[in-house]
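Q: Got a structure here, written out as structure tokens. Questions coming.
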Amino acid sequence: MQHVPPLEAAVAALVTGLDHDTVPAAALAGARRLMQDQLAVQIGCAALPWSRAVLELARTSHAPGRAHVTVDGDTMSAADAAFVNATYGHGFEYDDAHRASSSHPGSCVVPAALALGEELGSTMREVVSGIVAGYEVYTRLGVLAAPDLLERGFHPHAVLSAFGAAAVAARMRGFDTERTLHALSIALSHCSGTTEYTSTGGSVKRLHAGIGTRNGLRAADMAAAGITGPTTFLTGAKGLFHTFAGRPVAADAVEMFSRSGDFEVTRVWIKPYCCCGINHAFIDGARELAHLADDIATVRLGIQTGGNSIVGSRNAHAYAPQTIEHLQYSLPFQFALALLGLGNGFTTHHDYLTGHLDLSSGSPAATLARRVRIEVDSRLDTEYPGRWVGDITVTHGDRTETHLFVENPRGTAENPMAPDDLDAKFHDLTAAALGPERADTLMKALTAADPSTPVGEFTALLRR
Numbered sequence: 077m078q079h080v081p082p083l084e085a086a087v088a089a090l091v092t093g094l095d096h097d098t099v100p101a102a103a104l105a106g107a108r109r110l111m112q113d114q115l116a117v118q119i120g121c122a123a124l125p126w127s128r129a130v131l132e133l134a135r136t137s138h139a140p141g142r143a144h145v146t147v148d149g150d151t152m153s154a155a156d157a158a159f160v161n162a163t164y165g166h167g168f169e170y171d172d173a174h175r176a177s178s179s180h181p182g183s184c185v186v187p188a189a190l191a192l193g194e195e196l197g198s199t200m201r202e203v204v205s206g207i208v209a210g211y212e213v214y215t216r217l218g219v220l221a222a223p224d225l226l227e228r229g230f231h232p233h234a235v236l237s238a239f240g241a242a243a244v245a246a247r248m249r250g251f252d253t254e255r256t257l258h259a260l261s262i263a264l265s266h267c268s269g270t271t272e273y274t275s276t277g278g279s280v281k282r283l284h285a286g287i288g289t290r291n292g293l294r295a296a297d298m299a300a301a302g303i304t305g306p307t308t309f310l311t312g313a314k315g316l317f318h319t320f321a322g323r324p325v326a327a328d329a330v331e332m333f334s335r336s337g338d339f340e341v342t343r344v345w346i347k348p349y350c351c352c353g354i355n356h357a358f359i360d361g362a363r364e365l366a367h368l369a370d371d372i373a374t375v376r377l378g379i380q381t382g383g384n385s386i387v388g389s390r391n392a393h394a395y396a397p398q399t400i401e402h403l404q405y406s407l408p409f410q411f412a413l414a415l416l417g418l419g420n421g422f423t424t425h426h427d428y429l430t431g432h433l434d435l436s437s438g439s440p441a442a443t444l445a446r447r448v449r450i451e452v453d454s455r456l457d458t459e460y461p462g463r464w465v466g467d468i469t470v471t472h473g474d475r476t477e478t479h480l481f482v483e484n485p486r487g488t489a490e491n492p493m494a495p496d497d498l499d500a501k502f503h504d505l506t507a508a509a510l511g512p513e514r515a516d517t518l519m520k521a522l523t524a525a526d527p528s529t530p531v532g533e534f535t536a537l538l539r540r
């Protein structure tokens, strides 16, 4: 085998050296919370139109296998089931986020590990180990590539999910270090996806998790079959960082993967709002200011550079959404919805999707959104790297001002959702699709987190 640079070697070593019994309790708790939220979103979003379209596509083209589609219960190969389930899990901007990498690892690693676990006949011990390994590779690479991926127009999730799923598979299939390295290297050839959808829409964005997850599992299949990849897939002159981030990786990058006891999965961000996470700090602020809504003349929102490219003035329809994608990535409208008390959750966005919420140019929300001015503040980039904050100044009718700064949005590791709120989100998303009794049974299984449970016994609870 050719010489392996230190960073690539450290990434592969993290995957092969991870063991469920040595993972800290806080990381195991983070993985459990991640599973609870991700599976709830998969179940609750299975009926969305693009979810149904993906399922019908998979029904006509899937390979046979023992893995199941969430809710509907179709059986197919692990890669195909994970493609469908990951699409469900990322289908409505309601899945978990990882703040420092601006990404959504749960909708990759959870469906990948469960589908592969069904195929392999694993226990939940192996599934959780796969989830943690995939989450750590995905997020640590994402931190090292931030904020450049986002600012250059890439969708970080679309780039990172192939690595996350490949790491899941390498861990669960017991690859040695060399084969693990090739699985991750081959994953680089599957990285793709930009954020143009934030400006002009397109439901293909909903599939980015599914595309990347299936490709990462296939990358591991290729490595198992003897296909090899370049050993410098991260640090080479045409590797991940030079090509996608447009720069070399940081000199201390190896430390990101060699550290022990400090797991990114402890920093899961559970979303309370059904829209891009960059909006969330501003939504929190708007909710605090809602009692002043009738006396607001103008609003100035100070935003970070990367955030502006996703939810701000670089979007073609930020002030006049025409599709659900426009709305979920429009900071002016998300701020207005919160300020007017119309909500930013699943129901509000589903009502817009189905034509039951009027946000046309004459609506109160549109009128208020036009009073919002977005300004990029590079100082925020420097002072709050890896954190999406909100700097809000409202001017009242009498020209007085109220200023509010939100540093840690609700749901982040620094400002976590209360357990009761997390459980309420779970039941809100699962009860209608599974029925209240089955949803309760699933919650009890998640809470018990018994590592000896056969994965097939657990996934049976995810189906009607």
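In the numbering used here, the protein residues as written are 77 to 540.
Note that CB positions come from ideal geometry on N, CA and C, so glycine has one too.
Computed from a predicted structure; not experimentally measured.
(1) Kindly give me the distance between the Cβ atoms of residue 452 and residue 411, rounded to whole angstroms, as I take these residues to be in contact under 8 Å.
(2) For residue 331 and residue 365, what's the separation of their Cα atoms in angstroms?
(3) Determine the DSSP secondary structure at residue 516, reduced to helix, strand or coil.
(4) By DSSP, does residue 203 sit in helix, in strand, or in coil?
(5) Buried or exposed, going by whether 16 or more other CB atoms sit within 10 Å of the CB of residue 97?
(6) Do residue 256 and residue 88 have their beta-carbon atoms positioned less than 7 Å apart in this structure?
(7) When you compare the stretch 189-203 with the stretch 221-231, are there three or more beta-carbon pairs, one atom per stretch, that lie closer than 8 Å?
(8) According to DSSP, simplified to helix, strand and coil, what is residue 85?
(9) Around the Cβ of residue 101, are there at least 16 other Cβ atoms within 10 angstroms (buried) or fewer (exposed)?
(10) For residue 280 and residue 475, I'd like the C-alpha separation in whole angstroms.
(11) Check the C-beta distance from residue 209 over to residue 91 and give it rounded, since I have them as a contact under 8 Å.
(12) What is the DSSP secondary structure of residue 315, counted as helix, strand or coil?
(13) Is residue 374 helix, strand or coil when you go by DSSP?
(14) What three-state label does DSSP hand residue 541 in the structure shown?
(15) Measure the C-alpha to C-alpha separation of residue 163 and residue 505 and round it to an integer number of angstroms.
(16) Under 6 Å Cβ to Cβ from residue 107, same chain only, skipping five residues before and after it: list those, please.
(17) Under three-state DSSP, which class holds residue 481?
(18) By DSSP, does residue 320 sit in helix, in strand, or in coil?
(19) Give me the Cα-Cα distance between residue 540 and residue 237, rounded to the nearest whole angstrom.
A: Per the coordinate set shown:
(1) Here residue 452 refers to the residue found at position 376 when the sequence shown is read from its first residue. Here residue 411 refers to the residue found at position 335 when the sequence shown is read from its first residue. About 16 Å separates the two Cβ atoms, so there is no contact after all.
(2) Working through the sequence shown from its first residue, we reach residue 331 at position 255. Working through the sequence shown from its first residue, we reach residue 365 at position 289. Straight-line Cα distance between these residues: approximately 42 Å.
(3) Locating residue 516 in the sequence shown gives position 440, where the first residue counts as 1. Three-state DSSP puts residue 516 in a helix.
(4) If you number the sequence shown from 1, residue 203 lands on position 127. It is helical.
(5) Residue mapping note: residue 97 aligns to position 21 of the sequence shown, counting from 1. That one is exposed.
(6) For the purposes of this step, residue 88 is identified with residue 12 of the sequence shown, where counting begins at 1. For the purposes of this step, residue 256 is identified with residue 180 of the sequence shown, where counting begins at 1. Yes, the pair counts as a contact, with Cβ atoms nearer than the cut-off.
(7) The stretch 189-203 and the stretch 221-231 do not touch, with fewer than 3 CB-CB distances between them shorter than 8 Å.
(8) For the purposes of this step, residue 85 is taken as residue 9 along the sequence shown, with counting starting at 1. It is helical.
(9) Indexing the sequence shown from 1 puts residue 101 at position 25. Of the residues assessed, residue 101 falls on the exposed side of the cut-off, its CB having fewer than 16 other CB atoms within 10 angstroms.
(10) In the sequence shown, residue 280 corresponds to position 204, counting from 1. In the sequence shown, residue 475 corresponds to position 399, counting from 1. Rounded to the nearest angstrom, the two C-alpha atoms are 44 Å apart.
(11) On the sequence shown, residue 209 is found 133 positions in, with the first residue counted as 1. On the sequence shown, residue 91 is found 15 positions in, with the first residue counted as 1. The pair is a contact, with the Cβ atoms about 5 Å apart (cut-off 8 Å).
(12) Here residue 315 is taken as the residue at index 239 of the sequence shown, counted from 1. Coil at residue 315, not helix or strand.
(13) Position 298 of the sequence shown, counted from the start, is the residue given in the question as residue 374. Here residue 374 carries a strand assignment [DSSP, helix/strand/coil].
(14) The structure shown does not extend to residue 541, since the chain is modelled only from 77 through 540, so no value can be given for it.
(15) In the sequence shown, counting from the first residue as 1, residue 163 sits at position 87. In the sequence shown, counting from the first residue as 1, residue 505 sits at position 429. Their backbone Cα atoms lie some 16 Å apart in a straight line.
(16) The count along the sequence shown starts at 1 and reaches residue 107 at position 31. Excluding five sequence positions before and after residue 107, the CB atoms of its chain that fall closer than 6 Å to its own CB belong to 204, 207, 208 and 341, given in chain order.
(17) Stepping through the sequence shown from its first residue, residue 481 is reached at position 405. Secondary structure of residue 481 (DSSP, three-state): strand.
(18) On the sequence shown, residue 320 is found 244 positions in, with the first residue counted as 1. Note: residue 320 maps to helix in three-state DSSP.
(19) Start at 1 with the first residue of the sequence shown, and residue 540 comes out as number 464. Start at 1 with the first residue of the sequence shown, and residue 237 comes out as number 161. Distance between residue 540 and residue 237, taken at the CA atoms: about 28 Å.
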